[in-house]
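Novice: Okay, handing you the structure first.
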Amino acid sequence: MSNELSDKVAIVTGGASGIGRASVETFLAEGARVVIADINRELGESVAAELGPDALFKHTDVADSEQLADLVAFTVESFGGLHVMFNNAGIPTAMRGNFLDDDFADFDRIMAVDLLGVIRGTQHAARHMAANGGGSIINTTSIGGVQGGTGEFAYRAAKAGVIHFTKCAAIDLGRYNVRVNTIAPGAIPTPILGTATAHLPDSDSAVRQLRAVMKSIRPLDREGSPTDIAHAAVYLASERSAYVTGTVLPVDGGITAGLAGNAMAAIEQEQLA
Ligand SMILES: NC(=O)c1ccc[n+]([C@@H]2O[C@H](COP(=O)([O-])OP(=O)(O)OC[C@H]3O[C@@H](n4cnc5c(N)ncnc54)[C@H](O)[C@@H]3O)[C@@H](O)[C@H]2O)c1
1 MSNELSDKVA IVTGGASGIG RASVETFLAE GARVVIADIN RELGESVAAE
51 LGPDALFKHT DVADSEQLAD LVAFTVESFG GLHVMFNNAG IPTAMRGNFL
101 DDDFADFDRI MAVDLLGVIR GTQHAARHMA ANGGGSIINT TSIGGVQGGT
151 GEFAYRAAKA GVIHFTKCAA IDLGRYNVRV NTIAPGAIPT PILGTATAHL
201 PDSDSAVRQL RAVMKSIRPL DREGSPTDIA HAAVYLASER SAYVTGTVLP
251 VDGGITAGLA GNAMAAIEQE QLA
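Going by UniProt numbering, the first residue of the sequence shown is number 1, and it counts up by one from there.
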């Protein structure tokens, strides 16, 4: 590690688990001070205690605008500023295979956390950054927001909204030197897969099957890790990306590049065998 983020203060929402936690650890390793904002108090407090005095926990529900305002105020008060806002917290839709049977019971909560939470998180952070020379805002979308696909309709719509919002915010906030970018993770094994399949009788088996499907559509031959996403977040948080705003960075082993597998080669092989 090379102190890419020394002197920077960051907030990571959803920082208690998965991609958020890996990002907190990587930001710290790069010299930042970090506030972990999460709805899971027990986990968040224990992660912060484990990581030492440069990591603090602030209980936050990103669906609540007042709590986001308090989070920014707490961060500025504790660490003297805010340079990086990683709006990463997110929840999945319960995975259902058939649109016609979807009752959209979780639609409002998905939109409140996955979309409005990002919008409000950007707004509260940007208010501080605009008045203090600028900053970097990173939003987590998903390959499900980039590509169409089946199932998870509310989640896909929310994550597509994150991409469009990110571009609009980047345009609006450019004059304040506030950059806004989004990362589209794909196929990263974290607890979110278990949450998405928790309604099924055998969630563990469903997660294994999902990981196998991801493997079959992924050009790179290895599964991603939360740290793969954290490295992209460090780039977007650091001065290395000083001229980059309004972008979508897929970190997905190549899934959104297109279909993996060479159908023509398979046909040719069969015919010429
Ligand atoms: N894992 C993947 O393959 C993948 C793919 C695409 C996008 N994502 C996105 O990455 C982000 C992180 O997901 P993850 O895979 O690390 O999952 P995760 O479940 O491990 O972590 C999500 C964290 O967000 C927190 N959280 C949930 N609701 C919250 C709220 N209202 N306020 C504050 N915190 C809240 C949870 O407590 C948890 O700590 C999410 O936005 C998710 O949609 C993940």
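Backbone N, C-alpha and C fix where the C-beta goes; we use that ideal spot for every residue, glycine too.
#1: Three-state secondary structure (DSSP) at G44?
#2: Would you say the beta carbon of A131 comes nearer than 8 Å to a heavy atom of ligand 1?
#3: How would you write the range of the beta strand (DSSP E) that H59 sits in, first residue to last?
#4: Could you tell me which of D54, K58, A29 sits nearest to E42, measuring between CA atoms?
#5: Could you name the residues of the same chain whose beta carbon sits closer than 8 Å to that of S216, not counting the 5 residues immediately before and after it, in chain order?
#6: Is V234 helix, strand or coil when you go by DSSP?
#7: Kindly identify the DSSP beta-bridge partner or partners of F86.
#8: Please classify S145: is it buried, with 16 or more other beta-carbons within 10 angstroms of its beta-carbon, or exposed?
#9: Between the beta-carbon of residue 289 and the beta-carbon of A37, is there less than 9 Å?
#10: Between V12, E25, T256, which lies nearest to G149 when the distance is taken from Cα to Cα?
#11: Does the distance between the C-beta of N88 and the nearest non-hydrogen atom of ligand 1 fall short of 8 Å?
#12: Contact check, I188 vs I39 under 8 Å by CB: the rounded distance?
#13: Curious, which full-length beta strand (DSSP E) runs of at least 3 residues does the region 78 to 124 contain?
#14: Would you check if the distance between the CB atom of T182 and the CB atom of L249 is smaller than 9 Å?
#15: Is the beta carbon of V180 less than 9 Å from the beta carbon of A170?
#16: List the endpoints of the continuous alpha helix (DSSP H) containing T166.
#17: Keeping to the same chain, check which residues put their C-beta closer than 7 Å to that of A134; ignore five residues upstream and five downstream.
#18: Let's see if you can read the secondary structure: which residues bound the beta strand (DSSP E) around I183?
#19: Give the secondary structure of I36 by DSSP, where H, G and I count as helix, E and B as strand, and everything else as coil.
#20: Cα separation between E223 and A212?
#21: Assuming A105 and H199 form a contact by the criterion Cβ under 8 Å, report the distance between their Cβ atoms to the nearest whole angstrom.
#22: Taking C-alpha atoms, which residue in V12, A22, E77, S23 lies nearest to T60?
Specialist: With the given structure in hand:
#1: The sequence position of residue 44 within the sequence shown is 44, counting from 1. Of the three classes helix, strand and coil, the one that applies to G44 here is helix, per DSSP.
#2: Residue 131 sits at position 131 when you count from the first residue of the sequence shown. No, the Cβ of A131 stays beyond 8 Å of every heavy atom of ligand 1.
#3: Locating residue 59 in the sequence shown gives position 59, counting from the first residue. It spans 55 to 59 - the beta strand (DSSP E) in which H59 sits, taken as one unbroken run.
#4: Sequence index remark: in the sequence shown, residue 42 carries index 42 (1-based). That would be K58, whose Cα lies nearest to the Cα of E42.
#5: The residue you call residue 216 lines up with position 216 of the sequence shown. The answer, listed in chain order, is A260, G261.
#6: Counting from one through the sequence shown, the residue named residue 234 turns up at place 234. Three-state result, V234: helix.
#7: If you number the sequence shown from 1, residue 86 lands on position 86. DSSP lists V12, I138 as partners of F86.
#8: As a position in the sequence shown, residue 145 is number 145, starting the count at 1. Per the sequence shown, residue 145 should be read as Gly rather than Ser. Classification of G145: buried, given that the 10 Å Cβ count is 16 or more.
#9: For the chain, the structure presents residues 1 to 273; residue 289 sits outside this window and is missing.
#10: Along the sequence shown, one-based indexing puts residue 149 at 149. Comparing Cα positions, the closest option is T256.
#11: Looking up residue 88 in the sequence shown gives position 88. N88: yes, Cβ under 8 Å from ligand 1.
#12: Against the sequence shown, residue 188 aligns to sequence position 188. Against the sequence shown, residue 39 aligns to sequence position 39. 20 Å between Cβ atoms; not a contact.
#13: 84 to 87
#14: Taking the first residue of the sequence shown as 1, we reach residue 182 at position 182. Taking the first residue of the sequence shown as 1, we reach residue 249 at position 249. Taking 9 Å as the Cβ cut-off, T182 and L249 qualify as a contacting pair.
#15: As a first step, residue 180 must be located in the sequence shown, where it is residue number 180. As a first step, residue 170 must be located in the sequence shown, where it is residue number 170. Yes, the Cβ-Cβ distance between V180 and A170 is below 9 Å.
#16: Against the sequence shown, residue 166 aligns to sequence position 166. Per DSSP, T166 belongs to the alpha helix (DSSP H) from 153 to 173.
#17: If you number the sequence shown from 1, residue 134 lands on position 134. In the sequence on display, residue 134 carries Gly and not Ala. Within the same chain, G134 has close Cβ partners Y176, N177, V178.
#18: For the purposes of this step, residue 183 is taken as the residue at position 183 of the sequence shown. Here the beta strand (DSSP E) through I183 covers 178 to 185.
#19: Along the sequence shown, one-based indexing puts residue 36 at 36. In the structure shown, I36 sits in a strand (DSSP, three-state: E or B).
#20: Numbered from its first residue, the sequence shown carries residue 223 at position 223. Numbered from its first residue, the sequence shown carries residue 212 at position 212. Using only the alpha carbons, I get a separation of about 10 Å.
#21: To locate residue 105, count along the sequence shown from 1; it is residue 105. To locate residue 199, count along the sequence shown from 1; it is residue 199. Not confirmed; about 11 Å, so no contact.
#22: Counting from 1 along the sequence shown, the entry for residue 60 is found at position 60. Cα-wise, what sits closest to T60 is V12.
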